[in-house]
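When we follow the working numbering, the leftmost residue of the sequence shown carries the number 166, and every step to the right adds one. C-beta atoms are modelled at their ideal positions from N, C-alpha and C, and glycine is treated no differently. Note that the structure is predicted; figures quoted are calculated from it, not measured. The structure appears right after this line, and notes come after that.
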Amino acid sequence: MDVLKVSAAEFQRNIGRYQDLALRQPVAVTRNGRESCVLLSTEEYRRLQRRAREVLSIDDFTEAEVEAVRGAVAPDDAANFDSELQR
């Protein structure tokens with residue numbers, strides 16, 4: 166999805182216009198040439214929130230779940246991603 170970039174001054178002068186545009190695409194507000202915030206439609210924000218991940222620690226798992234992870238075997242094609250682990 167393309168992001169429309171607009172200066173903070175322009176955004177303030179025409180906030181209604183950019184609110185309308187944000188219903189169709191994200192609007193990045195810039196300050197001193199750098200993006201400072203993004204205006205999204207409520208629908209897009211909620212979609213992203215639904216996809217947010219919760220981070221758990223090992224203490225959040227039962228012993229059975231820990232054992233299931235220990236016994237898991239990666240599929241053969243997972244080796245295709247080994248290069249991403251290299252530093």
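Per DSSP, the bridge partner or partners of T195:
As a first step, residue 195 is located in the sequence shown; it is residue number 30 there, counting from the start. S172 and E200, per the DSSP bridge assignment.
Taking C-beta to C-beta, are A187 and L213 nearer than 7 Å?
The residue labelled residue 187 in the question sits at position 22 within the sequence shown. The residue labelled residue 213 in the question sits at position 48 within the sequence shown. In this structure, L213 does not lie closer than 7 Å to A187 by Cβ.
Since I believe A173 is in contact with T195 (beta carbons under 8 Å), could you give me their beta-carbon distance rounded to a whole number of angstroms?
Indexing the sequence shown from 1 puts residue 195 at position 30. Indexing the sequence shown from 1 puts residue 173 at position 8. Rounded, the Cβ-Cβ distance is 7 Å, consistent with contact.
With DSSP as the reference, label R212 as helix, strand or coil.
Locating residue 212 in the sequence shown gives position 47, counting from the first residue. The answer is helix: DSSP assigns R212 an H, G or I state.
Please report the straight-line C-alpha distance between Q184 and A217, rounded to a whole angstrom.
Here the question's residue 184 lines up with position 19 in the sequence shown. Here the question's residue 217 lines up with position 52 in the sequence shown. One C-alpha to the other measures close to 24 Å.
So the alpha helix (DSSP H) A187 belongs to, where does it begin and stop?
Walking along the sequence shown from the start, residue 187 turns up at place 22. Note, A187: alpha helix (DSSP H), I180 to A187.
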